[in-house]
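Have a look at the structure below before the remarks.
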Amino acid sequence: MKFAKPKIKFKGLKNMAKNEEMKTEFEVFKDVWNVYKKFYFVTDNNEFWDELVNECGKVRDKYKNSNLCSRLLMVIIQDLEERGKNDDHRM
-11 MKFAKPKIKF
-1 KGLKNMAKNE
9 EMKTEFEVFK
19 DVWNVYKKFY
29 FVTDNNEFWD
39 ELVNECGKVR
49 DKYKNSNLCS
59 RLLMVIIQDL
69 EERGKNDDHR
79 M
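The numbers in the numbering used here rise by one with no breaks, and the one at position 23 of the sequence shown is 11.
In structure tokens, the structure reads:
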């Protein structure tokens, strides 16, 4: 089977993200992932939710200028809330 060659031609550094920008985005994903892993098993008590909000606040403060960070944190909080309603994921 032959695959079509991409129509976009490499134009040097113009189309590449800046190294520093990519490094920051990688760090955002890594830190958000670590929060998600830490709180993956939802417990329905105030201590759990307080600690989650505190951890998210620390990550958010670290990346104050990152809208991506804010959005990712909101998504994981929503996911944990939804999964917390399902008894199969509680510890």
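Don't be surprised by glycine CBs; every beta carbon is placed ideally from N, CA and C. Since the model is a prediction, treat every value here as computed from it, not as a measurement.
### Message
Check this for me: beta carbons of Leu61 and Val30, under 8 Å apart or not?
### Response
Mapped onto the sequence shown, residue 61 falls at position 73. Mapped onto the sequence shown, residue 30 falls at position 42. Contact flag unset, no.
### Task
Please determine, among Glu70, Asn53 and Ser58, the residue with the shortest C-alpha to C-alpha distance to Glu43.
Sequence index remark: in the sequence shown, residue 43 carries index 55 (1-based). When each option's Cα is compared against that of Glu43, the closest is Ser58.
### Task
Quick one: residues in its chain with C-beta nearer than 8 Å to the C-beta of Val23, no 5 flanking neighbours on either side, listed in chain order?
Against the sequence shown, residue 23 aligns to sequence position 35. Same-chain partners within the cutoff: Leu40, Glu43, Cys44, Val47, Leu61 and Ile64.
#### Entry: Distance, Asn74 Cα to Asp49 Cα
Stepping through the sequence shown from its first residue, residue 49 is reached at position 61. Stepping through the sequence shown from its first residue, residue 74 is reached at position 86. So the two alpha carbons sit approximately 31 Å from each other.
### Query
Taking Cβ positions only, does Glu70 come closer than 8 Å to chain D?
Any reference to chain D falls outside this structure, which holds one protein chain only.
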